[in-house]
Every structure is written in structure tokens, then in C-alpha cells.
Amino acid sequence: MRAELLDVHRHRRGEPLRAQDVEAQGAAVAAGQGRQAVLGARLVAGHQRRRVLDGGVRSGEVRDPGSCGHGLSPPLHERAPAYPPAPRSREPAAARAASGNAGAAPSACYPERTRRVPVRCPACQTDNREGRRFCARCGAPLARPCPSCGFVNEPGEAYCGGCGAGLGAAAPAAARFDAPSGYTPAFLAQRILKDRAALEGERKQVTVLFADVSGFTALSERLDPEDVHGLMNEAFERMLREIHRYEGTVNQFLGDGLMALFGAPVAHEDHARRAALAALGMQRALDAHRADLRRRRGIDFRVRMGLNTGLVVVGAIGDNLRMDYTAVGDTTNVAARMQQLAEPGQILVADATRRLVERYFDLQPLGARAVKHHAPVATWALLGPRAARDEALATPLLGREDAMAVLERAAAAARGGRGQAVYLVGEPGIGKSRLVAELRARLGDDVRWLAGRCLSFGQSTAFLPVAEIVRGRLGVEDADDEERVVRRMRESLAPLGARGDAMAPLLAFLLSVGPADPGVAALDPLGRRARLVDALTQLVLLDSRERLVVLVVEDLHWIDDASQEYLTRLIDAVAGAAVLVVLTWRPTYRAPFAEHTYVSRVVLQPLDEAHARGLIRAALDVDAVPDDVAALVARKAEGNPFFLEELARALLDTGVARRDGRRLVVDRPAAAISLPDRVQDVIAARLDRLREDQKRTVQVASVIGREFALRLLRRVADAADRLEQALGELKALEFVYERITAGDLEYVFKHALTQDVAYASILHARRRELHARIGAAIEELYADRLEERTEELAHHFMGGEVWERAARYARLAGDRAAALCLDARAVEFYERALEALGRLPDTAETARAGVAVRLAMRPPLWRGGQLDRLFDVFREAETLATRHGDTDALDTVYAFLVQYHWAKAQYGEALRYGERCLELAGARDDLGLAVTAHYYSGWASLSLGRFPDALEHFGWIVERLEGERAGEGFGMSGLPYCGACALSAWVCGLTGDFERAWTLLDRGERVAAAADHLYSRTVLSIARGGVLVEAGSPAEAVPLVSAALAVCRDKRFAGQTMFAAQNLARAYAATGRAEEAIPLGREAIELQEKANASSDRGMMLFIVAEAELRAGRLDAAEATVGEGLEVTRRQGERAYAAQLAWVHGEIARARGDVAAARARLAGAEAGAAALGMRPLAARCRAALATLGA
């Protein structure tokens, strides 16, 4: 006979599964006309060793979850508590009704037997025979299982709390029962049938237990099949009783063993401890069975067990014919392996379980054990409960009065025109947001409150929290259409007059509304970003003239670079304004802000016990909490306010405690209350206690993000008609809080951990579906403002594996970040775009898109010094472009190769690629290609000491781009016109043509200033400093290059940081600061080595050697010169070889070695003269003159 599932089609259509449907189907089965309804049963007709697995939901029976053999879950003591009730009868309801017997008739599958329920003494833990009311050992009154329903009643109770039966004598029908609970008990069957999550599956942290009878095959061969059946039946009864006591779920029988889950389908925060207690309880229960078998039959009956804890996917598998609730994943495999490795009678636990239970149990380390297809697993033998728990000592705790005092003093000072900043630092849940909310409540409405929050996936979104602040300042919401945003911007900025008019285009660009302003669009990324920072700072300062402005940004550990730059500028500017800046972050964040006398930093510590107890009372809404309970909760939470609230609510949610007026009443001793050790487990348990529609709402919202608009959630929620009711209930339960806005209703998860846990519980397939639906909904709801949501759309479409749209939005997000010089973020999004494109079919269109993304990575990767990564990217682009005949892309690749080979000091190769590019550019009239080729061909010529060739290449760029095209970038990091002026000036400095050098630098600086191009202005400042040193004015160079170096460090311009450091080192060496110069020169070399580049290395080594010479470190200088001469010989850098030869001569002169000095200086002078390096030749001649004839 094949075991099949009772009809769930009605339920899957959304209709309830009615009792009469089950009764009718049971009658049909009894008549031989229908299907047997068994959840998880596996009946094999004719099998030699008939398995005792026909339990579960029998045909024609409906069981209440509270009567499924579980009863009330007893407390978790260090030793096993009293036995739970035995399973209820599973005789068909119709048969019971006909006989008038509420009890159980013997099963057709099991031998009839008398039920014996041992009663364990709550005082001394001794097992007493059935019928005793007082312990035979200590005389204490005994808890009494009801003989009718199994409910465990307290001593002295006359009537059962489960069924109302009198407890004077057992009900006659209870004298018999049939089988142990099936491995899908009734409560779980009902859960599977009504719970979509159980049907679809969930990701859960669980503990898996495997048990197996040792030597079962030999036992089966020795005994009659009926005897084996009876023996195993008795063993399974005992094991199931222990598993169900700790609310485990037996989800599979394996012939001679079983598999059980703890923590699923309903999460338990202490699932590992429950599993360990169940295993020890099974071991004890089977000891008596084993002794009886040995005495009667001479059989040594032993069971091996294995436990492991981890993430699994749990849910129903199968179809309407047969369905099991099971767990799959590596966690299950390791648990099974633990069982296989165990000796008969032994319990082995994997290390993941050991970490969770070691404070409660004694464990013996057994070392790492091999697991097939898995790394070796540290294994431990579970020996028994510990006599006493080893609790960690609580940390000294502080309250919040001092922190609020700091905030209030700062607000008062700021109100008086002395700007302040306060940084709140602490772990997640420590109370940073609560302090901010309290400050807002105390300040009232006579302040302008501007608030923004950083998001975990928002680091790639420039000015993310700042945009939120601006929207709040303008009185607009995300849901507002573009027309309203523009109108509100105009109205809000009107009182500021001309300054407001100047700010409007920049703020419109930030919010991506209105037509693009030509002036703003024409700015280079760095210039635009700098202007935005200025405008945003001025807006706050102007507002502060009318009233106190409080600007709050939370969660700076997720901040983007642009917002961080803005806050840095704002904090520097608030000293004389009525502004209070409040920032919050976690300890892992390293704040870059300058120290000021008006800045206060508050590191939040855990609450002390007195404050913790007050918070517990508030969370429970009572005036009094028993001392032992309050102490236990406070100790478990370790003073973290969020943990305290969640743990306190767990007392009520789990039924451990109840409110009695304004008091909390706990029905069990505090030591018996099992509170979660990890708050994420608490949240998971709370989520599982929600109604199905509430839990689904939380899960869908978690995919949207920490904050979610009602109208967006409504578009993607499964049951939109019940959505607002569910949200209202979730708000009352304090999972979320509501934020009223003018344009929309929004909700926010009370804590990020709640969102994280809810999201982690969703199956990957379900996540993909939700991300895709959310992305599509955003496109529809915000169709007129998609530009500012590209990062969010990329996030959701990547998660939804909608690859074409994911690629498109990730590319746009990368472009947006690159435009603001957020180079790391830009590269991150470009790589996401490439990942998405890689999932699409290999078509010409996809290839072109892939080439375009790779070419777009050139500026951010070059600025970041990732030379080898950039080379690989362009080689990929070359392959794709060649395959699909994209000649324009190939031109860009070849132009890059000129740049690449120059950076690698492969100057000949760079010049060859340069010639090829110039030929192609001439044939196609491609100005951009020609500019790039001339630029890096000129630099390669400079590095080789071919100064006339270098000036010719650079001069071509300057003359060709003079005028309107001087401000164009042609895909390069800086403006080529400005770069050509800077490099030409450097060549003129080396050759002594200083007047021409100043003229070129002035021309370049005018163009860079007009374009407001920070990168190009920085390049020109560095070049001017170098020429000043060469011209004999190093003191003038120091402040100029120092400022340029600071900009380079701040903006992470890797290449320019290197050049600025080396030029500043040379200026320092020439002004008596040689010791400071040496580390700067070495830093430049380290930066270049980090980028795996080597161009102009000879010059860098010359600068270090010169500084060492001036510092009197002659041996070090000699070693550096030797290294430099070898480099210049290998790379062909003749000009730098001449400079090093001059230093080499000066070292000999300093040592008094006249002959060596004369020879070296003469060689240096000859080399310099041959290259036209007049200043160097003059220095050589002057040194030679001191040596005499």
C-alpha cells in the first residue's frame, strides 16, 4: 500500500481544509475507495521488517495542535524535566464515536500493550511508578500526567488542565495506546497545510539530530520480525517522547533510526541546547530498555547519536501524493556523519553545536574527524549537563544621563551662535538612535531639524544621506513628482535671494529634477562635487541665521565618500553659526573629521543594572519585575538597550511570564527560564510567532530595505488587502515604526537586525522573485525620477537576476559615481554591470555593452592606481571588440595601450602603439585618439630624455586644443590641454627655458580654473613646484606642493600623490629639511610599486639619493644611486641617469675622493649637455670648479 497525503488541493487554492473533508476522506479510505492520508509516512507493503512509521495524521482524524503528544513544554533544567504526555489515540474518529470510547483502540499495526507513565519528582528527579502522588525517595508531591490526555498537572490539582478529567483515577480507555507519534505529528501537519512558508520553505538556523540503532542488521537476523517490530516500537516511543519534550520535530524515520530538527518549523533561540537535552534524555530513556532486553533476551541494545547546528533549508518536499517536512543542506550531512562516527551509546556533536552548548554541558574533545566532501570537523562527545553554569561576568555599565547632558549643552551653545558637533559612537543597539530621538523631543519645534541616514548598500550612492537632508529641508518626499519638487525648491530657496538662485541648479542636480543646468552639466566631476559641498554648507549656515539648525546623520559606518566630504567641510565651518551637528556610527568606523574645541565625542557604554531594570519594566509596561528575572534578563542582554527590550518581550511572547495589573508574574523560577543568548535568534523566534500574513509582510519589507514606502510595499505584497492591518499590528508589536510624510506613508524597521534576520530567512528563489518585483515597481512608481534611483534599481535587479536591467542600471550607477570621483564605488558598479552582462546570451549587442562598460572603467581605475587590473579589463575589451568588429572600441584600446606601456616603463612599445594610433587617427580624423597618442608618446619621449620629441608631442596638443576644446577631457583622468602644458613646462625646467615654462603653466591654469577641474589644477600645481625647485626657488615650492599633496591624499589620486610627494621631497631637501624629504621620496616609490608601475623610476631614485646626500647619509645615498643607475640603464632613462651621476659625483666630493668626484661629475656634465639640460650641466661645472685643475 502506498502512503499518500490527504487532499491539500483545496488549501492550495486558498480554501480552508475542513474537518468534514478529512472525515469524509477517512470514511472513503475505510471503505477501500479513497487514499490513506499520511503525512510523511512510508509504508512498504510486504517488507520483511515492517517499519513502525505509519503514524502521523490518520485517515478521518483531525488533531488539535495542543493535543498532539506535546502538552505544555516543560522548562529546560540542567537535568531532564518530568516526562511529557504520551501521544493521543489515533483511532479513526468515526470508530471512537460509534463505540462511545474517547480513548484508543489497539492499532492494527502494533501489538497491544499497557501504558506505563513514570512520574519524575521535581525535587530530587527520581522516577516514580504510576499512581504515586508523593516521591518514594524524598516524599515531595509529584506532578501528574493526565492518564486521559497526557497533560502534566501540578501536585495537588484535582482536575486536568488539558481535558478537565478528574485526576483521582485514570480513565479506563487510557489504559491502552497504540503507536508512538508519527514523524510528522498533527501540529506540524496543520502548520504545513496552512503555512505558506512551510510549504515553500525557509532558511533557518537549526540543530539536526540523527539517531541509529547499533547492530540493527544482526538483530534483525537473530529475532523474529514481529519481535524486532515490538522492540523497535518501544525504542522509538522512548526516543520520540524525549524529542517532543523539547519541541523537536521528527521529520524522518530511517528504518533503524531517525532524524529530528530543533528550531524548525518554529524557531527556538536555544535549539542547540534543546537538542542536546533531548539526546541525553533519549540516552537515559533507552538505558532502562537496554537493561530489560539484556535481562530477558541477552541483547545489548545501543543507539548512536550525532548533532550539528547550522543553516538549512526547511520545508515541505513532494507533491499532493506524498509530502515530507525536511531539512537539506551541509548541516544535515555533517550531523549524519557525526552519528556514523559515534560509538554505540555515544553522542557526538560537531563544533558548531559545541560553541552554543558548552556553557551548559560537559564535553570531551575528540579532535578533527574526516567528513566526506567536507573539511575535517572538530568533534566532541556530549557527556552530560554541567553541575553549574559558567556565566560570564557582566561588564561595568553606565547610564545615559551624561550623554544627554552633552547633547543639551551642545544645543544650548549652538543656539547662542557657537556651533557644535557631537559624535555618538557605539555598538548596534546601544541606543544611539534613541538618544537622537530624545534630543529632538526635548528641543521641540523651534529648531530646524535636518536628518539623514546612511544605508548598508548606500556607500555607492553619492550624497545619499545628504539628499535625504535636502529633501527634508525643501519639504519634499521621494514620492513627489518632479513638478512638485521643483516648485517646493523654488519656494524654499526664494527667501535666500540671489544665493538661493545660485544653489537651485546644484540642488536640482543632486535630486535629479528639472532640466539639466548647462553650467552645472559643464563642470567636471570634482568641480561639481566641490560646488555641491559648498552650496550645501552655505544652505545650512544661511538657515542658522534665523534659528538653530540641528543636522543629524546616522550610521556613518555605511557613509559614501561624497557625504563624508560634505560633513567634513560642514564641521569645519560651523564654529560661528547656530548649528549643531550630531553624527552616529559604530566603533568599526574611523572618522576622518578634524579635531576642534567645539566637537564632543560620546562613546556609549552598556547600561548599568539599575538602568537596565528600568528599561525592562518599560518594555514590559509594568511597574514591578521579580528581582531574579530582572537580573537574568539584564545579565543576558549585557546592558544593550535593544537586546534588553527584545529579551524582555520574549518573556511574554513565550508564555513564561504574564502581566497581572502593573506587575509581572512569572510562573516558573528564574533559573528555569531559558532566554536566548543571541539576539538574532530572539528576533527569529519572534518572527515565527507572528501570524502568517504578518510574517510575510515583514519578509517582503526586508527585501525592500530598512525603510520602505507603503505604496511600494503594496505593489509587491502578496496580500495587499490585509497589508495595512498587518502593518498596524507590526507597529503595535514594535517591529516597525511609522513615519508620516506629506506625499506618502513610510515605515522603518525599528532595528537593522530585524530586517537582516527576516531577509536571511527567505529562500534564494523567493528573494529573486521579490527583488525583481520591487525593481519593476520602482520603475513604474518613480518613472520620472529613475536617475536618482539607479543604485537602488541595480541592487534589486541584480538580486532578482533580471540581468539586462541590472546591467543597464549598474552601468548608470557607475557613471554617476565616476562623475563625482567616487572611483571605488564606480568600479564596484561597473563590475556588477559586467557580472550581469555575463549572464546574458553572447550577442553582438551584449558584447558592445560589455566593451563600453570596460572602457568606462579607465578613469576610475587609473586614478586609483590599479594599473594591472585596468590592463586586464582592456585586454578583455580588445578581445570582444575584435570578435565583433568594433573599430571605435579598438581605437580606444590601442590608445590605452600607449598609456599602459609608458606606465610600465616599456617606452619603445608605447611609442610604437603611439605611432599606430596616430596613423589610425589621421585616417579617421579622430581627434580624441590623436590627443591620447600624442600625450603618452610625449611622456615616453620625456622619460627617455628625448626632450625635443616630447615638446613636439605636447605642443601639438596645446596648439590643436587651444580655445573652445581646451576644456575637453577625451576620456582621460585630467584635461589633456592642462596636462600637456604641465609636462611641457617640466621639460622646459629641465632644459633651463624658465620663461617658456611659466607661460605654459599660466595657460594651463587659466583653462583648469575656467573648467573648475580640480584634478588638472592639482597637476599644474605639482609641475609648478618642480620647475620652481629647478629654477632655484625651492622655498616658494613648499607651500604650493604641500597643498597639492593634501588634495591628492584626500581625493585618493594615487598617481598624482606620487608625483606631489617626490616634488615636495625635492623642495624639502633643497630647503634644509632633508630628513623629512627621505620618507616622502620613499613613499612615492612605494605608491608606484603598489600600482605595479615603474615609469620614471630613475627620477624617483635620484630625488631620494639627493635627499640622503644632503642629510649626510652618504652610504645610503651611494646605494640608492647604484640602484638608480641600474634602473636607468635597463629602462633607457638617460636624463635621470645624468642626474644620478651628478649625485654620485657629489658623494665622492663629500668623501674627499677628488679623482672619483672629477670623473663622475665630468660624465654627468657631458650627459646633461648632450640632452640640453642646462641647469644640471651648470651645477656639474660649479662642482668641478671646486676640485681644482
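Residue 99 in our numbering is what sits at position 90 of the sequence shown, and the numbering runs on without skipping anything.
Glycine included, each C-beta is placed from N, C-alpha and C at the ideal position.
For my contact list, Phe1068 and Thr1000 are in at a C-beta cut-off of 8 angstroms; report their separation, rounded to the angstrom.
Stepping through the sequence shown from its first residue, residue 1068 is reached at position 1059. Stepping through the sequence shown from its first residue, residue 1000 is reached at position 991. Not really, about 19 angstroms apart at Cβ, beyond 8 angstroms.
Counting only the same chain and skipping the five closest in sequence on each side, list residues whose C-beta sits under 7 angstroms from that of Glu1117.
Taking the sequence shown and counting its residues from 1, the one referred to as residue 1117 is at position 1108. Once the five neighbours on either side are set aside, the close Cβ partners of Glu1117 are Ile1087, Ala1125, Ala1126, Thr1129.
Can you tell which of Gly894, Arg872, Arg867, His893 has the C-alpha that lies nearest to the C-alpha of Asp1213?
This structure cannot settle anything about residue 1213, because the visible part of the chain is limited to 10 through 1198.
So what does DSSP say about Asp236, is it helix, strand or coil?
Here residue 236 refers to the residue found at position 227 when the sequence shown is read from its first residue. Looking at Asp236 - three-state DSSP - the assignment turns out to be helix.
Extent of the continuous beta strand (DSSP E) run through Gly1199
Outside the displayed span of the chain (10 to 1198) sits residue 1199, for which this structure offers no information.
Using a Cβ-Cβ cut-off of 7 angstroms (strictly less than) and excluding sequence neighbours within five positions of Thr1195, which residues of its own chain qualify?
Stepping through the sequence shown from its first residue, residue 1195 is reached at position 1186. Once the five neighbours on either side are set aside, Thr1195 has no close Cβ partner at all.
Alpha carbon to alpha carbon, how far is Leu719 from Phe744?
Taking the sequence shown and counting its residues from 1, one reaches residue 719 at position 710. Taking the sequence shown and counting its residues from 1, one reaches residue 744 at position 735. So the two alpha carbons sit approximately 15 angstroms from each other.
Hey, how far is the Cα of Met291 from the Cα of Ala694?
Residue mapping note: residue 291 aligns to position 282 of the sequence shown, counting from 1. Residue mapping note: residue 694 aligns to position 685 of the sequence shown, counting from 1. Approximately 25 angstroms, taken between the alpha carbons.
Whose C-beta lies closer than 7 angstroms to the C-beta of Ala858 among residues of the same chain, with five residues either side of it excluded?
Within the sequence shown, numbered from 1, the residue matching residue 858 stands at position 849. Contacts found: Ala816, Leu846.
For Ala912, count neighbouring Cβ atoms within 10 angstroms of its own Cβ and tell me buried if that reaches 16, exposed if not.
Taking the sequence shown and counting its residues from 1, the one referred to as residue 912 is at position 903. Classification for Ala912: buried.
Which value, in whole angstroms, describes the spacing of the CA atoms of Ala414 and Phe651?
The residue labelled residue 414 in the question sits at position 405 within the sequence shown. The residue labelled residue 651 in the question sits at position 642 within the sequence shown. Distance between the alpha carbons of Ala414 and Phe651 is about 22 angstroms.
So, is Leu1185 buried or exposed, given that buried needs 16 or more other C-beta atoms within 10 angstroms?
As a working mapping, residue 1185 is identified with position 1176 in the sequence shown. When all chains shown are included, Leu1185 counts as buried.
Identify whether Ala1187 lies in helix, strand or coil by the three-state DSSP scheme.
Within the sequence shown, residue 1187 is the residue found at index 1178, counting from 1. Residue state, collapsed to three classes: helix.
Residue interval of the alpha helix (DSSP H) (run including His298):
The residue you call residue 298 lines up with position 289 of the sequence shown. Note, His298: alpha helix (DSSP H), 280-306.
Going along the chain, which residues of its own chain have a beta-carbon closer than 6 angstroms to the beta-carbon of Arg989, five neighbours each way excluded?
Mapped onto the sequence shown, residue 989 falls at position 980. For the sequence presented, residue 989 should be read as Ala rather than Arg. Phe963, Ile966, Val967.
Proximity to Ala1093 [Cα-Cα], best of Arg1119, Leu790, Cys1057
In the sequence shown, residue 1093 corresponds to position 1084, counting from 1. When each option's Cα is compared against that of Ala1093, the closest is Cys1057.
Tyr432 bridges to which residues according to DSSP?
Looking up residue 432 in the sequence shown gives position 423. Answer is Leu592, Arg610, bridged to Tyr432.
Neighbourhood of Gly7 by C-beta, 6 angstroms cutoff - its chain only, sequence neighbours within 5 removed
Absent from the model: residue 7. The displayed extent of the chain is 10 to 1198, so no value can be given.
Coarse secondary structure for Leu1193, derived from DSSP in three states
Here the question's residue 1193 lines up with position 1184 in the sequence shown. Reduced to three states, the DSSP call for Leu1193 is helix.
Spatially closest choice to Arg794 from Glu854, Glu492, Val757, Thr888, by CA coordinates
To locate residue 794, count along the sequence shown from 1; it is residue 785. Cα-wise, what sits closest to Arg794 is Glu492.
Residues that DSSP places opposite Trp389 in a beta bridge
If you number the sequence shown from 1, residue 389 lands on position 380. BP columns for Trp389 point to Val358, Pro374.
Output the distance between the C-alpha atoms of Thr123 and Tyr768, rounded to the nearest integer angstrom.
Counting from 1 along the sequence shown, the entry for residue 123 is found at position 114. Counting from 1 along the sequence shown, the entry for residue 768 is found at position 759. The predicted position of Thr123 is uncertain, since its pLDDT is 36 and thus under 50; no value can be drawn from it.
Does the count of Cβ pairs from the stretch 615-632 and the stretch 640-651 closer than 8 angstroms reach three?
yes
For Arg508, I'd like the list of residues in its chain whose CB is within less than 7 angstroms of its CB, leaving aside the five on either flank, ordered along the chain.
The residue given as residue 508 occupies position 499 in the sequence shown. Gln547, Leu551, listed in sequence order.
Residue ranges of each alpha helix (DSSP H) run of no fewer than 4 residues wholly in the stretch 776-827, ordered along the chain?
799-808
With which residues is Asn1273 paired in a DSSP beta bridge?
Because the chain spans 10 through 1198 in this model, residue 1273 falls outside it and cannot be assessed.
Taking Arg841 as part of the alpha helix (DSSP H), name the residues at either end of that continuous run.
By 1-based counting over the sequence shown, the position of residue 841 is 832. Its alpha helix (DSSP H) spans residues 832-847.
Residues in its own chain within less than 6 angstroms of Leu1170 by CB, not counting five upstream and five downstream?
Mapped onto the sequence shown, residue 1170 falls at position 1161. Cβ neighbours of Leu1170 beyond the five flanking positions: Gly1154, Cys1189, Ala1192, Leu1193.
Beta-carbon spacing of Ile356, Leu391 below 9 angstroms
As a first step, residue 356 must be located in the sequence shown, where it is residue number 347. As a first step, residue 391 must be located in the sequence shown, where it is residue number 382. In this structure, Leu391 lies closer than 9 angstroms to Ile356 by Cβ.
Can you list, in chain order, the residues of its chain whose CB lies under 6 angstroms from that of Leu579, leaving out five sequence neighbours each side?
Working through the sequence shown from its first residue, we reach residue 579 at position 570. Thr546.
Identify, in the order they occur along the chain, each residue of the same chain with its Cβ nearer than 7 angstroms to the Cβ of Ala1114, setting aside the five sequence neighbours on each side.
Here residue 1114 corresponds to residue number 1105 of the sequence shown, with the count starting at 1. Within the same chain, Ala1114 has close Cβ partners Ala1126, Thr1129, Val1130, Gly1133, Leu1149, Val1152.
Can the beta-carbon of Leu592 be found closer than 9 angstroms to that of Val562?
On the sequence shown, position 583 is the one that residue 592 refers to. On the sequence shown, position 553 is the one that residue 562 refers to. Yes. Within cutoff.
For Val707, the three-state DSSP class (helix, strand or coil):
Here the question's residue 707 lines up with position 698 in the sequence shown. Of the three classes helix, strand and coil, the one that applies to Val707 here is helix, per DSSP.
DSSP three-state label for Asp900, please.
Here residue 900 corresponds to residue number 891 of the sequence shown, with the count starting at 1. Looking at Asp900 - three-state DSSP - the assignment turns out to be helix.
Given that a residue counts as buried once 16 or more other Cβ atoms are within 10 Å of its Cβ, and exposed if not, what is Arg1139?
As a working mapping, residue 1139 is identified with position 1130 in the sequence shown. Exposed.
Please name the residue in Arg724, Gly257, Leu267 whose C-alpha comes closest to that of Ala244.
For this step, residue 244 is matched to residue 235 along the sequence shown. Here the closest residue by C-alpha is Leu267.
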